[in-house]
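Contents: one structure, followed by commentary.
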Amino acid sequence: MAAEVHQLPVGRVLFMDERGVVLRATWHLERGIVNLSVWREDVCVETFWLGVRDSARLVQFLVDGLAEATCGSLERLPQVSAEGVAPA
Numbered sequence: 692m693a694a695e696v697h698q699l700p701v702g703r704v705l706f707m708d709e710r711g712v713v714l715r716a717t718w719h720l721e722r723g724i725v726n727l728s729v730w731r732e733d734v735c736v737e738t739f740w741l742g743v744r745d746s747a748r749l750v751q752f753l754v755d756g757l758a759e760a761t762c763g764s765l766e767r768l769p770q771v772s773a774e775g776v777a778p779a
């Protein structure tokens, strides 16, 4: 049986870690939030509503961490592929 492919709505992104746990982020600008949800298999196990202003703080936190990582030795960082799985 062929897998179904679905177009993600605009304003949604998915990230999967090495355990298969998915983080889904979806903008809800009409409510002034980005909804962060954690999925295990096909079940949403938790959600968090991040306000637009706080989302800017989260982005800055991530940018600062990436800047620090690139200024240091990249060899110290674990190798993870774009799919979120460490290569064998």
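Count along the sequence shown from 1, add 691, and you get the number used in the numbering used here.
We put the CB at the ideal spot given by N, CA and C, even for glycine.
No experiment lies behind these values; they were computed from the predicted model shown.
Between which two residues does the alpha helix (DSSP H) harbouring R703 extend? Where R703 is concerned, there is no enclosing alpha helix (DSSP H), although the beta strand (DSSP E) it sits in stretches over 703-707.
With distance defined between alpha-carbon atoms, name the residue in L705, R722, I724, E721 nearest to R715. Between R715 and the set L705, R722, I724, E721, the nearest pair of CA atoms involves L705.
By the three-class DSSP mapping on this structure, what secondary structure does L720 have? In the structure shown, L720 sits in coil (DSSP, three-state: anything other than H, G, I, E or B).
Does the Cβ-Cβ distance between W718 and V725 come in under 8 Å? Between W718 and V725, the gap from beta carbon to beta carbon is short of 8 Å.
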